[in-house]
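At position 3 of the sequence shown (counting the first as 1) the number is 3 in the UniProt record's numbering, and the numbers step up by one without a gap. Just so you know, even glycine gets a beta-carbon here, dropped at the ideal spot from N, CA and C. It should be emphasised that the depicted structure is a prediction, and the values quoted were computed from it without experimental measurement.
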Amino acid sequence: MTSKIPECSICFEHYNDQSKCPRLLSCGHSFCSSCLERLLHGNTIDCPTCRNLGAVPTGVEGLLKNFALLDIVNDTPKENVGSNTGSHDCEAVVRSTLQIFAALTAKKTCAKLQLSSIIATR
Numbered sequence: 001m002t003s004k005i006p007e008c009s010i011c012f013e014h015y016n017d018q019s020k021c022p023r024l025l026s027c028g029h030s031f032c033s034s035c036l037e038r039l040l041h042g043n044t045i046d047c048p049t050c051r052n053l054g055a056v057p058t059g060v061e062g063l064l065k066n067f068a069l070l071d072i073v074n075d076t077p078k079e080n081v082g083s084n085t086g087s088h089d090c091e092a093v094v095r096s097t098l099q100i101f102a103a104l105t106a107k108k109t110c111a112k113l114q115l116s117s118i119i120a121t122r
């Protein structure tokens, strides 16, 4: 079983304890420091998830670090991290997508078969 490395939902790069450090907004959502710097307007940040306007009087570096996410990043075996930060394991994504599609198709087919058998018995 492979662990999913937490990543910023804006840039999709893996969090780290440097420029991609997860920072907590007042609404509770977290994003990397780099992305938050780009979202900073004066002393406020508009959360991209919930649109809550949060005060950031001391800048992005003054926001609390999300230590829970950092613990997950630091506890995840390094072999699960791609050599290129932010890269996705395309094969795993395709495999996962196909599994979801197969499950949905199977449910839809089962529902059609059940409906067909109900109609046929009437």
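Legend entry - Candidates Arg23, Phe12 and Glu7: closest to Glu61 by CA position: In the sequence shown, residue 61 corresponds to position 61, counting from 1. Nearest option by C-alpha distance: Arg23.
Legend entry - C-alpha gap between Gly42 and Lys65, whole angstroms: Your numbering for residue 42 matches position 42 in the sequence shown. Your numbering for residue 65 matches position 65 in the sequence shown. Looking at the two C-alpha atoms, the distance is approximately 20 Å.
Legend entry - Contacting residues, own chain, Cβ-Cβ under 7 Å from Cys27 (five flanking each side not counted): Reading the sequence shown from its first residue, position 27 is the one you call residue 27. Cys47, Cys50, Asn52 and Gly54.
Inset, instruction - To the nearest angstrom, report how far apart Asn74 and Ser19 are at their CA atoms. - result: The residue you call residue 74 lines up with position 74 of the sequence shown. The residue you call residue 19 lines up with position 19 of the sequence shown. Going from the Cα of Asn74 to the Cα of Ser19 covers about 15 Å.
Inset, instruction - For Ile45, write down the residues that DSSP places opposite it in a beta bridge. - result: For this step, residue 45 is matched to residue 45 along the sequence shown. Here Ile45 is bridged, per DSSP, to Leu40 and Gly54.
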